[in-house]
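A quick write-up on the structure given underneath.
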Amino acid sequence: QVQLVESGGGLVQAGGSLRLSCVASGSIFRIFGMGWYRQAPGKQRELVARIASGGSTNYADSVKGRFTISRDNAKKTVYLQMNSLKPEDTAVYYCNVESWSVYWGQGTQVTVSS
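Count the sequence shown with our numbering and you get residues 262 to 375, in order.
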């Protein structure tokens with residue numbers, strides 16, 4: 262059984278920062294890509310950022326230059342540093358891990374007030 266536990270969400274004012282973390286535990290021995298998705302009310306879930314096993318990254322255009330994804334393979338952890346947050350970043354953020362299967366976290370709420 263594999264678990265993804267996210268942390269770091271919360272309420273922040275526009276222009277502020279948050280750092281999300283996601284730790285994978287359980288029977289997961291090989292991790293390929295790791296990423297963050299988000300879903301705002303009434304909208305589809307969308308990719309925010311992804312980092313491959315070799316370290317290459319890709320970002321949604323809306324977060325480029327503001328968000329940074331990183332990973333610690335030894336700790337089976339992926340991070341999302343979010344700076345210069347905007348109200349439109351408000352959403353539930355989900356961790357995603359690709360192994361021989363794909364796993365999702367339970368989601369963490371990020372709310373940015375104007």
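Quick reminder that beta carbons are idealized off the backbone N, C-alpha and C, glycines included. Only a predicted model underlies this, so the values are computations on that prediction, with no experimental measurement involved.
Item: With 16 as the cutoff for other CB atoms within 10 Å, does residue 265 come out buried or exposed?; Value: buried
Item: Which runs of the beta strand (DSSP E), 3 residues or longer, sit entirely within the stretch 293 to 327?; Value: 295 to 300, 307 to 312 and 318 to 320
Item: Return the Cβ separation of residue 346 and residue 285 in integer angstroms, given the expectation that the two are a contact with Cβ distance under 8 Å.; Value: Actually they do not touch by this definition, with Cβ atoms about 25 Å apart.
Item: So residue 314 and residue 293 are in contact, right, with Cβ under 8 Å, and what is the actual spacing, rounded?; Value: 5 Å
Item: Using a Cβ-Cβ cutoff of less than 6 Å, which residues in the same chain neighbour residue 337 once the five nearest sequence positions on both sides are dropped?; Value: 285
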